[in-house]
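Visitor: Pasting a structure below so you can have a look.
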Amino acid sequence: MGTQESYEQQDRGTGRRALLGAAVLGAGGAVLGLAGTAGAADARPTSGGLKSLPVPTIIGHRGASGYRPEHTFGSYQLALDMGADIVEAGDLVPTKDGHLVCRHEPEIGGTTDVASRPEFAGRKATKILDGVSTTGWFTEDFTLAELKTLRAIERIPANRPHSTLYNGRWEIPTFEEVLKWQDEQTRKRGKQVWIYPELKHPTYFRELGLGLEERVAKLLRKYGKDRRNAPVILQSFEPTSVQRLNKLVDNPLVVLLSGANTRPWDFVATGDPRTVADLIKPQGLREIAGYAQGIGPTLDLVIAKDASGNLGTPTTLVADAHKVGLVLHPYTMRNENPFLPANFRKGTDADAYGDAFGAFKAYFATGIDGVFTDNPDTGLLAREDFVNG
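Start counting at 1 in the sequence shown, then tack on 140, and there's your number in the numbering used here.
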């Protein structure tokens, strides 16, 4: 999740207290046995739908990406070991030969070792991605077999130097592998594992003949996960993509919302003049509730910051969304100073932790239904503090 990253700058029981050292062992073997994993019909127990999730829901953003390179089975596994209620397993982008893989963006220069691979030097290109000139290596220029030779690396090493220890350990997962992994982990843990994939840049890929929605729907149908109570929530920054999904599958759907003054790219492409500020008005929320079950706003839409970057007064978004039956899962809580509101920072080190517990408490107090976080262990402890007063 988090297509427009610039706007983000900013289990109950003892399982959630899992130590990182113990979790490493589980993460190391996460990919074993995927090829022979049975489909969803064999996975037990089944989901009770959105209402079965604890509130506030703790969603592992790209896994436990505060500790491992994002969108790897190491990161996904660690999020589960920490006790995350849902794992955002999959920012979905296509390969040249039409497979769906899990990367933060189609440009993979910053999240894989592709830049150091001489055999792919000629693939470097400059493209216009949602109106922005972007230079690097793009998934749609690689076959799946080629992408599988690459290895994931830490995306923000300046903030997470500790995660660079794991550079090169994991390959790029496919969405189909994630669906099999979900079933495997559900059986192994004896409770339903939830995932929360995002469709990235749907308009861009549809124009390339690589439409995402149909590919996602096909895989969900294959594994029996295209139903209203399926433990797979789908999300996108493009409302028309969510509307398209609503016609293809019965899964819970969420519209992601970036900065108030921004326009979803599908709106730009079709000449729709509305901004996110229009979508979060009562009329816009009622429209979204006609085809989706929730919204994923940036945290700044829940509590705006003042000129100094401190948290101000909560907006009416939570109450307005709840009034029309929408759940709110805002993004993204991170422990490091640069990503916290100014009044919750400690010192100036870019990789030092601030008062993340205080920030979680402030956001939970608004009545949000859940939150995306790179640090699921912190989020779970913060929820325990909040629920217990």
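From the three backbone atoms N, C-alpha and C, an ideal C-beta is built for every residue, glycine too.
So who's on the other strand from P234, going by DSSP bridges?
Guide: L240
Visitor: Report the option in I508, F526, T274 whose CA atom is closest to the CA atom of G434.
Guide: I508
Visitor: Going straight from the alpha carbon of W321 to that of I312, what length do you get?
Guide: 14 Å
Visitor: So the alpha helix (DSSP H) V408 belongs to, where does it begin and stop?
Guide: 405–410
Visitor: Quick check for students: name the residue ranges of the alpha helix (DSSP H) that lie wholly in the stretch 437–505, counting only runs of 4 or more.
Guide: 457–463, 496–504
Visitor: R474 to D514, Cα distance in whole Å?
Guide: 5 Å
Visitor: Could you pull the start and end residues of the beta strand (DSSP E) that A432 belongs to?
Guide: Unbroken run through A432: none, as it is neither H nor E.
Visitor: Which value, in whole angstroms, describes the spacing of the CA atoms of G224 and G529?
Guide: Looking at the sequence shown, residue 224 is not Gly but Ala. Spanning the two alpha carbons is a distance of roughly 21 Å.
Visitor: May I ask you to list the residues that DSSP assigns as paired with K267?
Guide: For K267, which the question treats as bridged, DSSP gives the partners T274.
Visitor: Which two residues bound the contiguous alpha helix (DSSP H) that contains F526?
Guide: 516–527
Visitor: Measure the beta-carbon distance from P246 to L240 and round it to whole angstroms, keeping in mind my assumption that it falls under 8 Å.
Guide: Contact flag wrong, Cβ pair sits at about 12 Å.
Visitor: Pick helix, strand or coil for V195, following the three-state DSSP scheme.
Guide: V195 falls in the coil class under three-state DSSP.
Visitor: Taking the DSSP output, what are the residues bridged to T402?
Guide: Its beta-bridge partners do not exist; DSSP assigns none.
Visitor: Assign L396 to one of three DSSP states: helix, strand, or coil.
Guide: Shown here, L396 sits in a strand according to DSSP, grouped into three states.
Visitor: According to DSSP, is F377 part of a helix, a strand, or is it coil?
Guide: coil
Visitor: Just the Cα atoms here: how many angstroms apart are G519 and D525?
Guide: C-alpha separation (whole angstroms): 10 Å.
Visitor: Considering only the beta carbon of each residue, do P337 and G230 sit closer than 8 Å?
Guide: yes
Visitor: Assuming L468 contacts P437 (C-beta within less than 8 Å), just tell me the rounded distance between them.
Guide: Contact holds; Cβ gap of about 7 Å.
Visitor: Is DSSP giving W334 helix, strand or coil here?
Guide: strand
Visitor: Rounded to whole angstroms, what is the Cα-Cα separation between P470 and F500?
Guide: 12 Å
Visitor: Going by other Cβ atoms of all chains shown within 10 Å of its Cβ, with 16 needed for buried, is R329 buried or exposed?
Guide: exposed
Visitor: Just to confirm my understanding: we take A180, look at its own chain, exclude 5 residues before and 5 after, and list those with CB closer than 7 Å. What are they?
Guide: With a pLDDT of 37 at A180, under the threshold of 50, the predicted position of this residue should be treated as unreliable, though the coordinate-derived value follows. Correct list, in chain order: D323, Y363, G364, K365.
Visitor: Go to T513, then tell me how far its beta strand (DSSP E) extends in each direction, as first and last residue.
Guide: 510–513
Visitor: Does P301 pass the burial test, meaning 16 or more other C-beta atoms within 10 Å, or should it be called exposed?
Guide: It is exposed - the Cβ of P301 has fewer than 16 other Cβ atoms within 10 Å.
Visitor: DSSP three-state label for G262, please.
Guide: helix
Visitor: Can you check whether the CB of I226 is closer than 8 Å to the CB of I335?
Guide: Remark: C-beta atoms of I335 and I226 approach each other more closely than 8 Å.
Visitor: By the three-class DSSP mapping on this structure, what secondary structure does Q150 have?
Guide: With a pLDDT of 36 at Q150, under the threshold of 50, the modelled position of this residue cannot be trusted, and the question is left open.
Visitor: Comparing C-alpha positions only, which one of S381, L521, F512 sits nearest to G203?
Guide: F512
Visitor: D514 CB to nearest chain B CB: under 8 Å?
Guide: Absent from the structure is chain B; it holds one protein chain and no more.
Visitor: Along the chain, where does the alpha helix (DSSP H) that runs through D536 open and close?
Guide: This structure leaves residue 536 out entirely; the chain is present only between 141 and 529.
Visitor: Pick from P422, P478, T251: whose alpha carbon is nearest that of T304?
Guide: Among P422, P478, T251, the Cα nearest to that of T304 is on T251.
Visitor: Are L441 and L457 closer than 8 Å when you measure CB to CB?
Guide: Going by C-beta atoms, L441 is nearer than 8 Å to L457.
Visitor: Hey, out of A490, T488, P481, whose CA is closest to F497's CA?
Guide: The residue with the shortest Cα to Cα distance from F497 is P481.
Visitor: Determine the burial state of D221: buried for a count of at least 16 other Cβ atoms within 10 Å of its Cβ, exposed for fewer.
Guide: Buried, because 16 or more other Cβ atoms sit within 10 Å of the Cβ of D221.
Visitor: So, is S448 buried or exposed, given that buried needs 16 or more other C-beta atoms within 10 angstroms?
Guide: exposed
Visitor: What three-state label does DSSP hand T283 in the structure shown?
Guide: coil
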